[in-house]
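Everything below concerns the one structure shown next.
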Amino acid sequence: MRRVIQKLGVLNKLGQNLYYDLIISRRWNGFEGVETPVRDGLHQTQSVDYTLLSESLPLNLIENAETIVDVGSGRGRVLGFLAWKYPQKRFFGYELNAAVLEESKVLLCPRFKNVSLELIDILTRSLPHADLFILFNPFDVHCAEKFFALLRSLPGATAVYINFPQSHDSLLLDLHTDTDFDVELIQHSNDWKDIRDKRTLIVSVKKDSVA
Numbered sequence: 000m001r002r003v004i005q006k007l008g009v010l011n012k013l014g015q016n017l018y019y020d021l022i023i024s025r026r027w028n029g030f031e032g033v034e035t036p037v038r039d040g041l042h043q044t045q046s047v048d049y050t051l052l053s054e055s056l057p058l059n060l061i062e063n064a065e066t067i068v069d070v071g072s073g074r075g076r077v078l079g080f081l082a083w084k085y086p087q088k089r090f091f092g093y094e095l096n097a098a099v100l101e102e103s104k105v106l107l108c109p110r111f112k113n114v115s116l117e118l119i120d121i122l123t124r125s126l127p128h129a130d131l132f133i134l135f136n137p138f139d140v141h142c143a144e145k146f147f148a149l150l151r152s153l154p155g156a157t158a159v160y161i162n163f164p165q166s167h168d169s170l171l172l173d174l175h176t177d178t179d180f181d182v183e184l185i186q187h188s189n190d191w192k193d194i195r196d197k198r199t200l201i202v203s204v205k206k207d208s209v210a
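For the sequence shown, numbering that gives the first Met the number 0 gives the first residue as 0, with consecutive numbering after it.
Written out as structure tokens, the structure is:
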């Protein structure tokens, strides 16, 4: 029975991703990952799964934010999905892979006037002022550590890290013991939606934090 449920979950995942790809970008974008340059070479990241995105991103975070940044926006699935659902919000995507960024511009910018895409290494500069930052799928752990160190400079800002891996638990411990942050880890366990054992990390900078 468990195997049948898992197979149904896979079919559900394929169906949802095809449906949203056709609505948002008018083509099937598949599941191929994106190679993103980091300091010691290329870091392979997974393509965004709409099923995981819709089940793992707390909607109240989007509803309470005006400006949202997708860190490592890739082919634009996160931005396209959210811009389609929340046309009144303002979204920014920052990506290191120039070819992938141009591809996402072609797909998104003509349709969504509330989306801006830029070729930026967000870890080499001060973070832009935003209400919410989204990190989807595992980042290189050193990049994740650098990001949260930079986030400290934005009191009141929140970051949501979807598909937070167990290999980053040392970072989780550091964040939990840091008095500048409020930290929540959500453990998912839904076989049908294919998000079993996935985790979402929510980190908010306290408003009285001193950078």
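The C-beta atom is built at its ideal place from N, Cα and C for all residues, glycine as well.
- Query: If you drop the 5 nearest sequence neighbours on each side, which residues of the same chain put their C-beta closer than 7 Å to that of K104?
  - Reply: L116
- Task: Under 8 Å by Cβ, that's how I've got S152 and D181 pegged, so tell me the actual separation to the nearest angstrom.
- Result: That pair is no contact at about 16 Å.
- Query: By how many angstroms is the C-alpha of K145 removed from the C-alpha of I185?
  - Reply: 22 Å
- Task: Identify which residue in L106, R89, N96 and G71 has its Cα closest to the Cα of H128.
- Result: R89
- Query: Can you list, in chain order, the residues of its chain whose CB lies under 6 Å from that of L200, leaving out five sequence neighbours each side?
  - Reply: Y160, F163 and L184
- Message: Tell me which residues share the same chain as L214 and place their Cβ nearer than 7 Å to its Cβ, disregarding the 5 neighbours each side in the sequence.
- Response: Any question about residue 214 goes unanswered here, given that the chain covers just 0 to 210.
- Query: Within the 9 Å Cβ cut-off, does L174 reach chain C?
  - Reply: This model lacks chain C altogether; it includes just one protein chain.
- In whole angstroms, what separates the C-alpha of T178 from that of P109? 43 Å
- Span separating the alpha-carbon of A82 from that of I121: 21 Å
- Message: Taking the alpha carbon of N256 as the reference point, which residue from F80, P154 and G71 has its own alpha carbon closest?
- Response: Only positions 0 to 210 of the chain appear in this structure, which leaves residue 256 out of reach.
- Query: From this set, E102, R124 and P57, which residue's C-alpha is nearest L149's C-alpha?
  - Reply: R124
- Query: Would S55 be called buried (16 or more neighbouring beta carbons within 10 Å of its own) or exposed?
  - Reply: Result: buried.
- What's the gap between the Cα of F132 and the Cα of G155? A direct Cα-to-Cα measurement between F132 and G155 gives close to 12 Å.
- Query: When burial is assigned at 16 or more other CB atoms within 10 Å of the CB, is V226 buried or exposed?
  - Reply: Any question about residue 226 goes unanswered here, given that the chain covers just 0 to 210.
- Query: Which two residues bound the contiguous alpha helix (DSSP H) that contains E94?
  - Reply: Note, E94: premise wrong, no alpha helix (DSSP H); beta strand (DSSP E) at R89 to E94.
- Query: How big is the Cα-Cα spacing for Q165 and E65?
  - Reply: 31 Å
- Can you tell which of L134, G92 and V77 has its C-alpha closest to the C-alpha of R198? Nearest of L134, G92 and V77 to R198, Cα basis: L134.
- Task: Alpha carbon to alpha carbon, how far is C142 from L60? Give it in angstroms, no decimals.
- Result: 23 Å
- Item | Alpha-carbon spacing of L107 relative to V114, whole angstroms | 7 Å
- Task: Assign K206 to one of two classes, buried (16 or more other C-beta atoms within 10 Å of its C-beta) or exposed (fewer than that).
- Result: exposed
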